[in-house]
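Okay, so here's the structure we're looking at.
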Amino acid sequence: MASTSPSVPLSRRWLFSTLSNAQGSVCKDRGWFTEYTPFESGVWCPASKVVVPVAGVGVVVLPVRKGPTRTGSDAHGNLVLRDVLHTPLIRYSIVGYSPTFLEDYRMELDLTDDTMGMIQDHNGQSVGYFAPNKELFEVQLSEPPVGPAVGPSDLAPRGYYTLHVLWPEGQMARWKAYKERPPNLPPLFIEPTNQGTARGQAGQSRIQVGSGSGNKDNTQQISNPPYTAEEIEWLKKIYGNEYLCLLRHQLSIDKEEDREKGRAIVRGLMAARNGQ
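According to this note's numbering, the sequence shown is numbered sequentially starting from 8.
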């Protein structure tokens, strides 16, 4: 569960959407995650026609009120969301009505004076509910000390907000392949850091291992090696992440030759800006 006393208040809004296919849900704040894997990607927001960067994927456990009239120890529970995308630039977090969500829960969207609908498990037991008298379906979180401190509302009354977020099928498949990799598989990802090399990071530059024939060190030479720490910082500042950089130049993060082209482009742009 998220910390009940984070140094920075977590985002308050968890809004329900039947339009989001984004593997389940998207989350604004890293602090909500109980399990987390760095994974560079992006989601498409059709209404605003922009791609929002994804920094990672993980599990979020929301402390929620089970029902408006419940009291005592049975008043609170946990809403567990799996395969949640971490999207720091999004304005609010979204609970998506997706196959991942439906594996665990079902909805009863009956409007009453006390709720705008209920979230139930497959045994029909109440897990949570949507707060009453809202313009959007908003999950009713538990207040401190049961739940964490959250920030003020960032939604204007009668404002227009899009809850339509799409994760490209190719990126879903990429995440699925990463999760289903053999447990004894050596790390295929490398990320430069100030302390050396952090391995096992999903969505970072890949190191390809050769077959050994005709290659004394049993590795394949890469014409454009992985980004340095300085290059990664520049990339994030200009593009957001590698996925968005490649998308801008009509290249694919799923093709190693395209990633090499992307690294060449970035290094060329950096050199040009530095007057080299």
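We put the CB at the ideal spot given by N, CA and C, even for glycine.
Quick caveat: nothing in here was measured; it's all calculated off a predicted structure.
{"Check": "At what residue ranges does the stretch 44–94 contain a whole run of the beta strand (DSSP E), taking only runs of 3 or more?", "Outcome": "57–72, 83–93"}
{"Check": "E240: buried (16+ other C-beta within 10 angstroms of its C-beta) or exposed?", "Outcome": "exposed"}
{"Check": "What do you get for K186, buried or exposed, if any count of 16 or more other CB atoms within 10 angstroms of its CB means buried?", "Outcome": "exposed"}
{"Check": "In three-state terms, what does DSSP make of V172?", "Outcome": "coil"}
{"Check": "Buried or exposed for K73, going by 16 or more other Cβ atoms inside 10 Å?", "Outcome": "buried"}
{"Check": "What is the DSSP secondary structure of G38, counted as helix, strand or coil?", "Outcome": "helix"}
{"Check": "Between P70, T25, L96, which lies nearest to K243 when the distance is taken from Cα to Cα?", "Outcome": "L96"}
{"Check": "Give the DSSP-derived three-state secondary structure of R98 in the structure shown.", "Outcome": "coil"}
{"Check": "Measure the C-alpha to C-alpha separation of G154 and G49 and round it to an integer number of angstroms.", "Outcome": "29 Å"}
{"Check": "Which residue comes first and which comes last in the beta strand (DSSP E) that contains Y136?", "Outcome": "133–136"}
{"Check": "Under 8 Å by Cβ, that's how I've got M114 and I126 pegged, so tell me the actual separation to the nearest angstrom.", "Outcome": "6 Å"}
{"Check": "Using the Cα positions of Q283 and M277, report the straight-line distance between them to the nearest angstrom.", "Outcome": "Residue confidence for Q283 is low, a pLDDT of 48 falling below 50, so the modelled location carries little weight; the figure read from the coordinates is stated next. Their backbone Cα atoms lie some 9 Å apart in a straight line."}
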